[in-house]
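Undergrad:
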Amino acid sequence: MIKNKELSMKPSLLRARPHLWYQLYWVLYLIWFFWLDLTVTDPNYIIHSPLDDFIPFNEWFIFPYGSWFFLLAGVTALLWWFDTASYDKLCLMMFSGMTFCLILYMVLPNGLDIRPTVEEVGRSNIAMTLMQLIWKADASVNVCPSIHCQSSACMAIAFSGSTLAKDRTWLKVLAFGWAALICASTVFTKQHSIIDVFCGLAVAFIWVPVLYLRPRKR
1 MIKNKELSMK
11 PSLLRARPHL
21 WYQLYWVLYL
31 IWFFWLDLTV
41 TDPNYIIHSP
51 LDDFIPFNEW
61 FIFPYGSWFF
71 LLAGVTALLW
81 WFDTASYDKL
91 CLMMFSGMTF
101 CLILYMVLPN
111 GLDIRPTVEE
121 VGRSNIAMTL
131 MQLIWKADAS
141 VNVCPSIHCQ
151 SSACMAIAFS
161 GSTLAKDRTW
171 LKVLAFGWAA
181 LICASTVFTK
191 QHSIIDVFCG
201 LAVAFIWVPV
211 LYLRPRKR
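The opening residue of the sequence shown carries number 1 in my numbering; numbering runs sequentially from there.
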């Protein structure tokens, strides 16, 4: 009887960490993103930089590109469980940036024209097979700013500023190194222009002075 009473007094997992519902944003995001992906078939603006022509296509970067999903799930789960304040900052940075990007895609429909054909690549391997699947599922529209890069930067920033990485320089280096590799993969797989990358990073880092560089109260 006493044990049951003690158990009933303990807060439930969701009550102890009530901010899990923030993840419902992903439902809105996915519906919005794929709706734009289907409706924007003839973008008004083609994004291109001369630097894009010097970056070779490398299908093996599909693996760091796909590691974005593991970074997203890992950082979100760790911060939600161990550091609610940093989790809140991550959601604010990442979700507001994604919303801004989606609105921008609607106002300024943009796309790419730098993806090579399979014949131009002239290689057949597991990485090329995965690349073709990605290209079929994700049209080369709605690219600038890059949400892949924006969200990767947000995760690195939030994790590095959390209690988990405090006094652990190697974890901060790992977080930013992983995010940088993902950003590099977007241009080597021709998923994005270098312009998309810098714009995506700008959308993320604009939050740094607001959330992390505020003067401390005495």
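For glycine and all other residues, C-beta sits at the position ideal for the given N, C-alpha and C.
Which residue spans inside the segment 100-164 form an unbroken beta strand (DSSP E) run of at least 3?
TA: Correct list: empty.
Undergrad: Hey, quick one: how far does the alpha helix (DSSP H) through D42 stretch, first residue to last?
TA: Segment: none, D42 is in no alpha helix (DSSP H) and carries neither H nor E.
Undergrad: Does the ligand SAM have a heavy atom nearer than 7 Å to the CB of W178?
TA: The model depicted lacks the ligand SAM and carries no ligand whatsoever.
Undergrad: Using the C-alpha atoms, what's the distance from D37 back to M106?
TA: Straight-line Cα distance between these residues: approximately 11 Å.
Undergrad: What's the call for T225, buried or exposed, on a 16-neighbour Cβ count within 10 Å?
TA: In this structure the chain extends from 1 to 218, so residue 225 is not present and cannot be described.
Undergrad: Taking C154 and T186 to be in contact with their CB atoms under 8 Å, please state how far apart those CB atoms are, rounded to whole angstroms.
TA: Wrong, their Cβ atoms sit about 15 Å apart, outside the cutoff.
Undergrad: Can you say whether Q220 is buried or exposed, counting buried as having 16 or more other CB atoms within 10 angstroms of its CB?
TA: No answer is possible for residue 220: it lies beyond the span of the chain, which begins at 1 and ends at 218.
Undergrad: Do you know whose CA, among R115, E120 and R168, lies nearest S193's CA?
TA: Selected option, being the one with the closest Cα: R115.
Undergrad: State the CB to CB distance for the pair Y45 and N110, rounded to an integer number of angstroms; the pair is presumed to be in contact (CB under 8 Å).
TA: Confirmed, about 4 Å.
Undergrad: Taking K172 as part of the alpha helix (DSSP H), name the residues at either end of that continuous run.
TA: First-last of the alpha helix (DSSP H) with K172: T169 to F188.
Undergrad: What do you reckon, are the CB atoms on L90 and T99 nearer than 8 Å?
TA: Not a contact, by the Cβ cut-off of 8 Å.
Undergrad: Find out if the Cβ-Cβ distance for the pair L72, L164 is shorter than 8 Å.
TA: Cβ atoms of L72 and L164: not closer than 8 Å.
Undergrad: Nearest-angstrom Cα distance between F54 and I147?
TA: Each residue's alpha carbon lies about 23 Å from the other.
Undergrad: On a CA-only basis, which of L213, V197, F70 and L102 is nearest L28? Give me that one, please.
TA: Considering only alpha carbons, the answer is L102.
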